[in-house]
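Peer 1: Starting off with a structure, shown below.
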């Protein structure tokens, strides 16, 4: 998965997780609360992964450009 796809999936999972947590409070479901918290955390991790992939790609591009300038 590319960095943009990771970030988009992360945002979606965070939103769904928060929604599940909100519903769980309304219906009093501890299981749904835990599921929502886990999905929100998964979204956070996906966003961080996407950011890291983007940073690595940017660094590699800068290094390649610098190497090409020296040639």
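Numbering (the numbering used here), first residue to last: 2 to 72. Note that the Cβ used here is the ideal one computed from N, Cα and C, for glycine as well.
#1: Going straight from the alpha carbon of residue 9 to that of residue 48, what length do you get?
#2: How many Å lie between residue 62 and residue 69 at the Cα?
#3: For the alpha helix (DSSP H) containing residue 33, list its first residue and its last residue.
#4: Nearest by alpha-carbon distance to residue 16: which of 36, 3 and 30 is it?
#5: Measure the Cβ-Cβ separation of residue 43 and residue 18 and say whether it is below 9 Å.
Peer 2: Let me lay it out:
#1: The sequence position of residue 9 within the chain shown is 8, counting from 1. The sequence position of residue 48 within the chain shown is 47, counting from 1. The straight-line gap from Cα to Cα measures roughly 8 Å.
#2: As a first step, residue 62 must be located in the chain shown, where it is residue number 61. As a first step, residue 69 must be located in the chain shown, where it is residue number 68. So the two alpha carbons sit approximately 10 Å from each other.
#3: Within the chain shown, the letter at position 32 stands for residue 33. Where residue 33 is concerned, the enclosing alpha helix (DSSP H) stretches over 31-71.
#4: By one-based count along the chain shown, residue 16 stands at place 15. Answer by Cα proximity: 36.
#5: Along the chain shown, one-based indexing puts residue 43 at 42. Along the chain shown, one-based indexing puts residue 18 at 17. In this structure, residue 18 lies closer than 9 Å to residue 43 by Cβ.
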